[in-house]
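> I have a structure here, written as structure tokens, and I will follow up with some questions on it.
There are 2 protein chains.
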Amino acid sequence: MQDIIKGIIQKNNSKIMMVVLDGLGGLPVHGKSELEVADTPNLDMLARNSACGLHIPVSPGITPGSGPGHLALFGYNPIEWQIGRGVLEALGLGIDLKKTDVAIRCNYATIEKGIIKDRRAERIPTDKSKKITERLQEKIRKIDDVDVIFAPGMEHRFAVVLRFPKPLEKGSADIKDTDPQKEGNPPVAVTPGTTQAEKVAEVVEKLIKAVSAVIRDQKKANFILLRGFSQVPHIPHFADIYGLNPLAVAAYPMYRGLAKLIGMDAPAITGDVQEEIKFLKQNYKKYDFFFLHVKKVDSYGEDGNFKGKAEQIERFDRDLAQILALDPDVLIITGDHSTPSLLKGHSWHPVPVLLKSPYVFGGLCKSFSERECTKGELGIFPTINLMPLALANALRLKKFGA
Amino acid sequence: MQDIIKGIIQKNNSKIMMVVLDGLGGLPVHGKSELEVADTPNLDMLARNSACGLHIPVSPGITPGSGPGHLALFGYNPIEWQIGRGVLEALGLGIDLKKTDVAIRCNYATIEKGIIKDRRAERIPTDKSKKITERLQEKIRKIDDVDVIFAPGMEHRFAVVLRFPKPLEKGSADIKDTDPQKEGNPPVAVTPGTTQAEKVAEVVEKLIKAVSAVIRDQKKANFILLRGFSQVPHIPHFADIYGLNPLAVAAYPMYRGLAKLIGMDAPAITGDVQEEIKFLKQNYKKYDFFFLHVKKVDSYGEDGNFKGKAEQIERFDRDLAQILALDPDVLIITGDHSTPSLLKGHSWHPVPVLLKSPYVFGGLCKSFSERECTKGELGIFPTINLMPLALANALRLKKFGA
């Protein structure tokens, strides 16, 4: 579909705003979902005057990770474009990845006589883990002609990026996880799955040895396990497909990282939604597509905190006036997936969406909720259809065929 | 999609029950459909608290046979996996088919001077038919190096399996039906459609001659007509894709046969729905997926008996308590296709479905009917999405992507 879209794009001065309340969809607890319980007069009014519906990020029944969820929102088929674990981890820790890179998700582990005693080094505290990672970065900057970038993470987790001097071929990161998955086993040998990966595997082996030399005398966290070897996908850029100049406004690194993967501008910002909106206002003139990411809705859902999630939705409802004041031509409010507090995690449930533009019907939904959105004019549809709908409503798509 | 499902399956102790009321969907007569007329307090209550919708087995406007309808329910693309009639018939009559086999659906017919007088030999009684078939099996065990297996069926129907000494090439069963479809015509000559089928066609010709030699002196049932020449497809097993241990509970042979084709346990049982439910209860501990087939709803639809079909639905409604008492984690009640009494046959209309689990909204449909299901949270969707939804609601699917 992106090929067809690319062929009928026309530019104009319209602005499209896509607000992603991470993990927006929920499930009823005592009869009502988080969205149904939350007092959201502004969202409800918007829903009454918008095209509403529910979208399915990957396929019915499939629970999307954040990567697939966002790619689908941006119009990329999340089954075709699968982002590796290492890449997501590195992006989340704020590393800008290049085509020369292999990204790896790493764990500190405890080893004794060649046997993994604890795959997570007793979940060492983040501050201690960070110190070790910083020491490793000091001692290890290069292996042969490959730059090594360490990025501290939470508890026993961190990321490593191997930056080669030249862009890597496809398949170069096809290396087996070294994590044996069960304690009491030796680590899995570094095993390349393709000939292209052999060179990378050599560097990885040297890396493990170099790291061991630095940390092997520690009682715990004296070894590392490596997983999710991956490269950035050769994914077409958002601007090239849609003719839009996009800005990502996201306080959480992983979402900026995902946006950067498809060529969005995603300057580092910190703070809460207020800060994000402030940044959005400052940059509103310079761009014509805005991805505004609101993380906290998902976080409370993941914690199983029904009331907290509802409150975050209410908080956003109060912030909405500022976004409406910018008066974008097309305003979409939705999520990247559902995160029902009941399930304490992402879920497969279709995600409510509202699309405000001068070219919709409205009048079908009384409020903004999962159940009301089933009555909306957009129906239940694959998430990748949302970008074409946004472009159409911005009058940025020419007729297909004569 | 089955590839992706297979990659994210996780096992747990949940139980999934799929009840298939064959030919469930109907059409209005005097303003109301069979489901709308039927008094179904239990189904209606269930619908109010379940995820409801309508599913399309093959594609909009396409009327599915029983094979495609059921394959789609089990998550197999019915366009990709087309099962021959002979195979279905033979499996249903309890023959375990191999890659060396060609299965054929047969009829006893009455022939006079080379002209078919009755294509069904006046629907001779099952016991008489069985005796003839047993006699044929006694007399004919081999044709050349090919084993011949006869399986008695209902009334004039039976099946023959030709078991060749070696696995057959694809296309080996591409032989025209010998049934002329209309009385007053001679039987159609055995005609192979491919070079691979020529050898099989030779054996079939010899078979017809051998059978004639045995039965030609009977007044009726003195000839056989052969249809649906087919080989077993190399279809992946249900258990291998979904990690479920499935039991088919079906009194009608063809549905057991279909289930066996995808590796389900499908022990022979007889009797009505009561007997099926008894069998289900006895085996409930040993399995984690249950396909319960209720045939009669379809039978009355096929007969154009509106009232009879509605009564069969009401009868099932009364039986429902016993199924609910088993308390499966996920309960699906639906059909394999619609069979409106108005059309006296299968139809293309989307099939109503309800899915009960702790992770649904409900509250959108007042009762269980075609029209009410259009308001449900599942929308109108391809039938092959039902299995992923069942697995998701049983919490048997991990997240896709990070």
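Residue numbers (the numbering used here), protein chains in the order written: chain A, 1 to 402; chain B, 1001 to 1402.
From the three backbone atoms N, C-alpha and C, an ideal C-beta is built for every residue, glycine too.
Note that this is a predicted model, so its numbers are computed, not measured.
Select from A:L324, A:Y255 and A:T374 the residue whose C-alpha is nearest the C-alpha of G357 of chain A.
This sequence places Ser at residue 357 of chain A; Gly is not what is there. Here the closest residue by C-alpha is A:L324.
> Leaving out five residues on either side along the sequence, give the residues of the same chain with a beta carbon under 6 Å from the beta carbon of D1147 of chain B.
Result list for D1147 of chain B: R1163, in chain order.
> For the segment 182-234 of chain A, which segments carrying the beta strand (DSSP E) assignment without a break, of at least 3 residues, lie completely within its bounds, in sequence order?
The segment 182-234 of chain A contains these whole beta strand (DSSP E) runs: 223-230.
> Check the Cβ-Cβ distances between L343 of chain A and every residue of chain B, and say whether any is below 9 Å.
For L343 of chain A, the answer is yes, since a Cβ of chain B falls inside 9 Å of its Cβ.
> Quick check: the segment 199-219 of chain A against the segment 244-264 of chain A, are at least 3 beta-carbon pairs closer than 8 Å?
No, the segment 244-264 of chain A does not touch the segment 199-219 of chain A.
> Mark H156 of chain A as exposed unless 16 or more other C-beta atoms lie within 10 angstroms of its C-beta, in which case mark it buried.
It counts as buried.
> Rounded to a whole number of angstroms, what is the C-alpha to C-alpha distance between K1117 of chain B and A1090 of chain B?
Those two C-alpha atoms are separated by around 26 Å.
> Reducing DSSP to helix, strand and coil, say where F1158 of chain B ends up.
Strand at F1158 of chain B.
> Would you report the Cα separation of K128 of chain A and N12 of chain A, rounded to the nearest angstrom?
Answer to the nearest angstrom: the Cα atoms are 52 Å apart.
> Considering I1269 of chain B, what are the terminal residues of the alpha helix (DSSP H) in which it resides?
Premise fails: I1269 of chain B is in no alpha helix (DSSP H) and is neither H nor E.
> When the Cα of D1144 of chain B is compared with those of B:F1279, B:A1151 and B:A1201, which residue comes out closest?
For D1144 of chain B, the nearest C-alpha among the options comes from B:A1201.
> By Cβ distance, which residues of its chain are closer than 7 Å to I1111 of chain B, with the 5 residues on each side in sequence left out?
Same-chain partners within the cutoff: K1117, N1222 and F1223.
> Report buried or exposed for G271 of chain A, applying the criterion of at least 16 other Cβ atoms within 10 angstroms of its Cβ.
Exposed is the call here.
> List the residues of chain B that P253 of chain A touches, going by C-beta distances under 8 Å, in chain order.
Simply none; closest approach about 14 Å.
> In angstroms with no decimal places, state the Cα-to-Cα distance between T1285 of chain B and D1319 of chain B.
Note on identity: in this sequence residue 1285 of chain B is Lys, with Thr being the wrong assignment. Cα to Cα, K1285 of chain B sits roughly 20 Å from D1319 of chain B.
> Might you give, ordered along the chain, the residues of its own chain that have their beta carbon closer than 6 Å to the beta carbon of G1304 of chain B, omitting 5 neighbours on each side?
So the list reads S1341 and K1344, once near-sequence residues are dropped.
> Count the other C-beta atoms from every protein chain shown that fall within 10 angstroms of the C-beta of T1195 of chain B, then say buried if there are 16 or more, exposed otherwise.
When all chains shown are included, T1195 of chain B counts as exposed.
> Under the three-state reduction of DSSP, which class applies to M1001 of chain B: helix, strand or coil?
In the structure shown, M1001 of chain B sits in coil (DSSP, three-state: anything other than H, G, I, E or B).
> Note down, in chain order, each residue of its chain lying with its Cβ closer than 7 Å to the Cβ of D22 of chain A, except the 5 sequence neighbours on either side.
Cβ neighbours of D22 of chain A beyond the five flanking positions: H293, V294, K295, V297, D298, G335 and D336.
> Checking the sheet assignment: what are the DSSP bridge partners for G379 of chain A?
A:G53, per the DSSP bridge assignment.
> Look at the alpha carbon of G1410 of chain B and the alpha carbon of F1238 of chain B, and state the distance between them as a whole number of angstroms.
Given that chain B is displayed from residue 1001 to residue 1402, the structure contains no residue 1410 of chain B and the question cannot be resolved.
> Per the DSSP calculation, L1093 of chain B is bridged to which residue(s)?
Bridge partners of L1093 of chain B: none, in fact.
> Count the other CB atoms, across all protein chains shown, that sit within 10 Å of the CB of K1015 of chain B; report buried if there are 16 or more and exposed otherwise.
Flag for K1015 of chain B reads buried.
> Run down chain A in chain order and give the residues with a C-beta less than 9 Å from the C-beta of I972 of chain B.
Past the boundaries of the shown model lies residue 972 of chain B; chain B is included only from 1001 to 1402, so the question cannot be answered.
> DSSP has H293 of chain A in a bridge; who is on the other side?
DSSP output for H293 of chain A lists A:V20 as bridge partner(s).
> Look at C1052 of chain B and C1365 of chain B and say whether their C-beta atoms are less than 9 Å apart.
Closer than 9 Å, so yes.
> Touching or not, the segment 1120-1138 of chain B and the segment 1066-1082 of chain B, by the rule of three or more beta carbon pairs under 8 Å?
Taking 8 Å as the limit for Cβ pairs, the verdict is that the segment 1066-1082 of chain B does not touch the segment 1120-1138 of chain B.
> Identify the continuous alpha helix (DSSP H) that holds N1042 of chain B and give its terminal residues.
Element bounds for N1042 of chain B: P1041 to R1048.
> I need the DSSP call for T1110 of chain B, collapsed to helix, strand or coil.
It is a strand residue.
> In terms of residue numbering, what span does the beta strand (DSSP E) encompassing F1150 of chain B cover?
Note, F1150 of chain B: beta strand (DSSP E), V1146 to P1152.
> Starting from T339 of chain A, trace the beta strand (DSSP E) both ways and give me its first and last residue.
Run containing T339 of chain A: none; DSSP gives neither H nor E here.
> With a threshold of 9 Å between beta carbons, is G1379 of chain B in contact with chain A?
Chain A contact via Cβ: present.
> To the nearest angstrom, how far is the alpha carbon of M1 of chain A from that of K131 of chain A?
When rounded, the distance between both Cα atoms is 47 Å.
> For K1398 of chain B and I1009 of chain B, I'd like the C-alpha separation in whole angstroms.
Distance between the alpha carbons of K1398 of chain B and I1009 of chain B is about 6 Å.
> Below 6 Å CB to CB, which residues in the same chain sit around D1329 of chain B once its five sequence neighbours on both sides are set aside?
Result list for D1329 of chain B: S1014, K1015 and A1394, in chain order.
> For the 8 Å Cβ check, are there 3 or more pairs between the segment 1070-1090 of chain B and the segment 1027-1035 of chain B?
As far as the Cβ criterion goes, the segment 1070-1090 of chain B does not touch the segment 1027-1035 of chain B, which means the pair count is below three.
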